[in-house]
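These protein sequence lines are chains A and B, in that order. Taking full-length UniProt numbering, the leading residue of the first sequence gets 1, the next gets one more, and so forth. Taking full-length UniProt numbering, the leading residue of the second sequence gets 1, the next gets one more, and so forth. Backbone N, C-alpha and C fix where the C-beta goes; we use that ideal spot for every residue, glycine too. All of these numbers come straight from a predicted model, not from anything done at the bench. Structure record follows, encoded as structure tokens.
Number of protein chains: 2
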Amino acid sequence: MQNKRGLLLVVSGPSGAGKGTVCKRLVEKRSDVFLSISATTRAPRAGEVDGKHYYFISEEEFTERIRTGGMLEHAVFCGNYYGTPKRAVDDMLAAGKNVVLEIEVQGAMKVRSHYPEGVYIFVLPPSMQELRKRLTERGTETPEVVEERLSTAAWEFTHIQKYNYILLNDDVEKAVCRLEAIIDAEHCRTERNLKFIEEVCQS
Amino acid sequence: MQNKRGLLLVVSGPSGAGKGTVCKRLVEKRSDVFLSISATTRAPRAGEVDGKHYYFISEEEFTERIRTGGMLEHAVFCGNYYGTPKRAVDDMLAAGKNVVLEIEVQGAMKVRSHYPEGVYIFVLPPSMQELRKRLTERGTETPEVVEERLSTAAWEFTHIQKYNYILLNDDVEKAVCRLEAIIDAEHCRTERNLKFIEEVCQS
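The structure is reproduced here in structure tokens:
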């Protein structure tokens, strides 16, 4: 069989580009793709399940894991730590599962320094007008926050060239199909199949 | 719209791996993919149409085209020239058509020196036993020719790492699906979309 190791898919993109929706739909559609579960020090909200929505851990444990290299990346929001536990990701990859990390640009670049063989995907809105429209229509953000998101997006765009692929999200179903094509194509990359090629040659 | 330029898909692989069948099926299935038509100096056979099966040209014209850089690659078989006309390929790529060149390893490496942005795909049989079986079951080759093909295959395998992808042909329909995924994914590659990214940023 071809490449048996799972792919690490790192998905970034501006707020409002729809990366969450695309990743959620991908995981529903494909039984070989799994979302990475983040660890956090914040308290669980009503209905949140440990090991499903997040791994809820203490601040002491979180900082200890950072210290010992157990977090692939982490960030602090509103005084709480959020991060990606390395062990869980490594176990899934070794088991042949494709793992999706939905993280912002700085975290993605941190992960890339450890996993250059990962697949780095930047979700793009069709235009900045459309991004503004999507952010405004959510109705949850003040005009100031919308402007702040747009200026963050402009900064994030300056990092696109560090990603392997752009994923245009003009339509969720189309974007998911493109993402599936990226997964299937990446499994065929020569450098991921050196062992398999050797097996064929020696058969 | 994303990357508007067509992709140059260069497909190689040992005799008996099934690259011809896979490419033919791909072109039937996808309206955006076209087979490149070779030029040759051999006489047309009954039913062969100029500009469809081959471009039939004189030896004088063929060698003149080689001299002026009009052939992407060429080879001589049984005293006749065969080659890929550069102009036809460039016109199709510029018109946004994906072009398939089904050529052997040496020709592919020659093309790669001119088109590093091409997508280089090596078709693999599931095993060498299966390759031997397919070559034998054709019934058109003598045992000596089968052995010769297998030893050529062993040489071709030493060049696989110069290809971007391997395409396992365990089943024609599955192989065609993987090839379609490669095409769709390559159109999403960041370096093919720099102009599109700039358009989105400035919109």
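key: Coarse secondary structure for Pro143(B), derived from DSSP in three states   = As a first step, residue 143(B) must be located in the second sequence, where it is residue number 143. Helix.
inquiry  = Do Gly83(A) and Arg5(A) count as a contact pair if the criterion is CB distance below 8 angstroms?
reply    = For the purposes of this step, residue 5(A) is taken as the residue at position 5 of the first sequence. For the purposes of this step, residue 83(A) is taken as the residue at position 83 of the first sequence. Going by C-beta atoms, Arg5(A) is not nearer than 8 angstroms to Gly83(A).
inquiry  = Distance cutoff 8 angstroms, beta carbons only. Does Thr190(A) sit that close to anything in chain B?
reply    = Numbered from 1 along the first sequence, position 190 holds the residue referred to as residue 190(A). Answer yes: the Cβ-Cβ gap between Thr190(A) and chain B drops below 8 angstroms somewhere.
key: Continuous beta strand (DSSP E) stretch holding residue 208(A): start and end   = Absent from the model: residue 208(A). The displayed extent of chain A is 1 to 203, so no value can be given.
ask   = In three-state terms, what does DSSP make of Ala17(B)?
value = As a first step, residue 17(B) must be located in the second sequence, where it is residue number 17. Note: Ala17(B) maps to coil in three-state DSSP.
inquiry  = Please report the distance separating the alpha-carbon of Ser12(B) from that of Glu73(A).
reply    = Here residue 12(B) is taken as the residue at index 12 of the second sequence, counted from 1. Here residue 73(A) is taken as the residue at index 73 of the first sequence, counted from 1. Their Cα atoms are separated by approximately 41 angstroms.
request  = Name, please, each residue of chain B whose Cβ falls closer than 7 angstroms to the Cβ of Leu168(A).
outcome  = Residue numbering aside, residue 168(A) sits at position 168 when the first sequence is read from its first letter. Those are Gln2, listed as they occur along chain B.
message = If the cut-off is 7 angstroms on Cβ atoms, which residues from the stretch 168 to 185 of chain A count as contacting chain B, listed in chain order?
response = Leu168, Arg178, Ala181, Ile182, Asp184, Ala185
query = Are the beta-carbon atoms of Leu167(B) and Ile121(B) separated by less than 8 angstroms?
reply = Here residue 167(B) is taken as the residue at index 167 of the second sequence, counted from 1. Here residue 121(B) is taken as the residue at index 121 of the second sequence, counted from 1. Yes; because the gap between Cβ atoms is below 8 angstroms, this pair is in contact.
task = Tell me whether Thr136(B) sits in a helix, a strand or coil according to DSSP, three-state version.
result = Position 136 of the second sequence, counted from the first residue, corresponds to residue 136(B). DSSP places Thr136(B) in helix when its eight states are reduced to three.
key: Separation of Val146(B) from His53(B), as counted between CA atoms   = For the purposes of this step, residue 53(B) is identified with residue 53 of the second sequence, where counting begins at 1. For the purposes of this step, residue 146(B) is identified with residue 146 of the second sequence, where counting begins at 1. For His53(B) and Val146(B), the distance between alpha carbons rounds to 27 angstroms.
ask   = Which chain B residues sit within Cβ distance under 8 angstroms of Ile160(A)?
value = As a working mapping, residue 160(A) is identified with position 160 in the first sequence. The contacting residues are Thr190, Ile197.
ask   = Exposed or buried, which one is Gly16(A) when buried takes at least 16 other CB atoms within 10 Å?
value = Here residue 16(A) refers to the residue found at position 16 of the first sequence. Per the 10 Å Cβ criterion, buried.
key: Val119(B) beta carbon less than 8 angstroms from that of Ile182(B)   = Within the second sequence, numbered from 1, the residue matching residue 182(B) stands at position 182. Within the second sequence, numbered from 1, the residue matching residue 119(B) stands at position 119. Closer than 8 angstroms, so yes.
key: Length-filtered (3 minimum) beta strand (DSSP E) runs lying within the stretch 80 to 123 of chain B   = 80 to 85, 98 to 102
request  = Identify which residue in Leu194(B), Asp184(B), Lys195(B) has its Cα closest to the Cα of Leu8(B).
outcome  = If you number the second sequence from 1, residue 8(B) lands on position 8. It is Asp184(B) whose Cα lies nearest to the Cα of Leu8(B).
ask   = Mind checking if Ser15(A) is an interface residue toward chain B, Cβ cutoff 8 angstroms exclusive?
value = Translated into positions along the first sequence, residue 15(A) becomes position 15. By this cut-off, Ser15(A) is not an interface position.
Helix, strand or coil at Ser151(B) [DSSP, three-state] = By one-based count along the second sequence, residue 151(B) stands at place 151. Three-state result, Ser151(B): helix.
CA-to-CA distance, Arg178(A) to Glu64(A), given in whole angstroms = Along the first sequence, read from residue 1 onward, the residue named residue 64(A) stands at position 64. Along the first sequence, read from residue 1 onward, the residue named residue 178(A) stands at position 178. Near 39 angstroms, if we compare the C-alpha coordinates of Arg178(A) and Glu64(A).
request  = Give the C-beta separation of Thr40(A) and Ser58(A) to the nearest angstrom, bearing in mind that I take them to be a contact with Cβ-Cβ under 8 angstroms.
outcome  = Here residue 40(A) is taken as the residue at index 40 of the first sequence, counted from 1. Here residue 58(A) is taken as the residue at index 58 of the first sequence, counted from 1. Their Cβ separation, rounded to whole angstroms, is 11 angstroms, which puts Thr40(A) and Ser58(A) out of contact at 8 angstroms.
ask   = What did DSSP end up calling Ile166(A) once you bin it into helix, strand or coil?
value = The count along the first sequence starts at 1 and reaches residue 166(A) at position 166. Strand, per DSSP.
inquiry  = Taking the beta strand (DSSP E) that Leu8(A) belongs to, which residues open and close that run?
reply    = Your numbering for residue 8(A) matches position 8 in the first sequence. Per DSSP, Leu8(A) belongs to the beta strand (DSSP E) from 8 to 12.
query = Does the distance from the C-beta atom of Phe62(A) to that of Tyr81(A) stay below 8 angstroms?
reply = Against the first sequence, residue 62(A) aligns to sequence position 62. Against the first sequence, residue 81(A) aligns to sequence position 81. Cβ atoms of Phe62(A) and Tyr81(A): closer than 8 angstroms.
query = If you measure from the beta carbon of Gln129(B) to each beta carbon in chain A, is any gap under 8 angstroms?
reply = Within the second sequence, the letter at position 129 stands for residue 129(B). Chain A contact via Cβ: present.
query = Counting along the chain, where does the alpha helix (DSSP H) carrying Ala181(B) start and finish?
reply = If you number the second sequence from 1, residue 181(B) lands on position 181. It spans 172 to 186 - the alpha helix (DSSP H) in which Ala181(B) sits, taken as one unbroken run.
query = Under three-state DSSP, which class holds Arg189(A)?
reply = Locating residue 189(A) in the first sequence gives position 189, counting from the first residue. It is a strand residue.
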